[in-house]
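Trainee: Numbering (UniProt numbering), first residue to last: 1 to 173. For glycine and all other residues, C-beta sits at the position ideal for the given N, C-alpha and C. Dropping a structure here in structure tokens format, bear with me for questions.
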């Protein structure tokens, strides 16, 4: 849940509880969240923003990665399968700066197959592959792809997102 949603929910609860009397500690929390919401600059989504694609079949893990990447200048799209990710790439491939994919995915393709397809079809897209287990011996990542083991640190994901955002957009053909 985003900070502004939390602030709005707490504010509405606060308004309803004022008549009944609200504990001081809850009132202080509402004021802090409301202040932080007003102090934080609103993130304006640019229509020309490049995309970070999160490919993870475990919903909680996907949502966590999406939340981390939403702190960047990239627009985030989550997919629960490689097939869904390829569909997004077919529509918006030139806009996708980063693909952050788990190796083990639901569906016919795994994350390594997805990474190889992306490296071939969209070679300017930065690839980050993750898993709770190292890739099997003899299995290689595409050139330029980065492996981050699970549990990954948000900092490592943000570093890769920054690298992807810094790269110039590929030329339109």
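Mind pulling the alpha helix (DSSP H) runs of 4 or more residues that sit fully within the UniProt domain "Response regulatory" (51-165)?
Mentor: 59-69, 82-92 and 111-121
Trainee: I think residue 55 touches residue 111, with their Cβ atoms under 8 Å apart; what is that distance to the nearest whole Å?
Mentor: 7 Å
Trainee: Output needed for residue 49: all residues of its chain with C-beta closer than 7 Å, excluding positions within five of it in sequence on either side, in chain order.
Mentor: 73, 74 and 75
Trainee: Count the other C-beta atoms from every protein chain shown that fall within 10 angstroms of the C-beta of residue 139, then say buried if there are 16 or more, exposed otherwise.
Mentor: exposed
Trainee: By how many angstroms is the C-alpha of residue 113 removed from the C-alpha of residue 66?
Mentor: 22 Å
Trainee: So is residue 121 buried or exposed if we call it buried at 16+ other beta carbons inside 10 Å?
Mentor: exposed
Trainee: Figure out for me which residue from 84, 97, 115 and 77 has the closest Cα to the Cα of residue 160.
Mentor: The option with the nearest alpha carbon to residue 160 is 97.
Trainee: Do you know how far the Cα of residue 143 is from the Cα of residue 127?
Mentor: 9 Å
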